[in-house]
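Chemist: Numbering (UniProt numbering), first residue to last: 1 to 156.
Okay, here's the structure, questions in a sec.
Following this line, the structure appears as structure tokens:
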């Protein structure tokens, strides 16, 4: 180890190979944390490189994300459809999944339809546990009975 390396080691500093600035070791990400080995480029230069790489390849990453999201949405839709095929309306017994809906009875986080677009199956399952399956007609009737503003307008 030469004299400069000894100084850098004792002062806990390192020179970035990109910007050539001498910075503290905390300014460098770990390459192998268990061994205590740091990367050769500082965090600032690394961020700049990553940002430039993304900007130069933006279309590729957007296409990749769109493809991944469409696959996830398809899986979520299939999961919900399979769930609805197992159940029928709790009021009238209708079992056509085209007309079945989720009626939230407890603390609602979001609509199942919104969760299908941008959530995981686990979150969808958790939200479905809070729901009863009803056909569209029974769901509207129940909602009309439960909401006071409807009572004033419709003779039920």
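Each residue gets a CB set at the ideal place from its N, CA and C atoms; glycine is no exception.
Computed from a prediction, not measured in an experiment: that's the story for all the values here.
Quick test of your reading: residue 127 and residue 116, contact by CB under 8 Å. State the CB separation rounded to the nearest angstrom.
Modeler: Their Cβ separation, rounded to whole angstroms, is 10 Å, which puts residue 127 and residue 116 out of contact at 8 Å.
Chemist: With respect to the alpha helix (DSSP H) encompassing residue 72, which residues constitute its N-terminal and C-terminal limits?
Modeler: 58-86
Chemist: For residue 125, does the three-state DSSP call read helix, strand or coil?
Modeler: helix
Chemist: Tell me whether residue 101 is buried or exposed, calling it buried when 16 or more other Cβ atoms sit within 10 Å of its Cβ.
Modeler: buried
Chemist: Going by DSSP in three states, residue 132 sits in which element: helix, strand or coil?
Modeler: It is a strand residue.
Chemist: State the DSSP-derived secondary structure class of residue 18, mapped to helix, strand or coil.
Modeler: coil
Chemist: For the 8 Å Cβ check, are there 3 or more pairs between the stretch 131-150 and the stretch 79-97?
Modeler: yes
Chemist: Let me check understanding here. Comparing Cα to Cα, which of 13, 103, 53 lies closest to residue 39?
Modeler: 13
Chemist: Return the CA-CA distance between residue 120 and residue 20, expressed in angstroms with no decimal places.
Modeler: 44 Å
Chemist: Find out if the Cβ-Cβ distance for the pair residue 67, residue 106 is shorter than 7 Å.
Modeler: Not a contact, by the Cβ cut-off of 7 Å.
Chemist: Helix, strand or coil for residue 24? Go by DSSP, reduced to three states.
Modeler: strand
Chemist: Tell me where the alpha helix (DSSP H) around residue 115 begins and ends.
Modeler: 112-118
Chemist: Who are the Cβ neighbours of residue 99 in its own chain at under 7 Å, not counting the five residues just before and after it?
Modeler: Counting only residues of its own chain and dropping the five nearest sequence neighbours on each side, residue 99 has a CB closer than 7 Å to the CB of 135, 136.
Chemist: In whole angstroms, give me the CA-to-CA distance for residue 103 and residue 143.
Modeler: Approximately 9 Å, taken between the alpha carbons.
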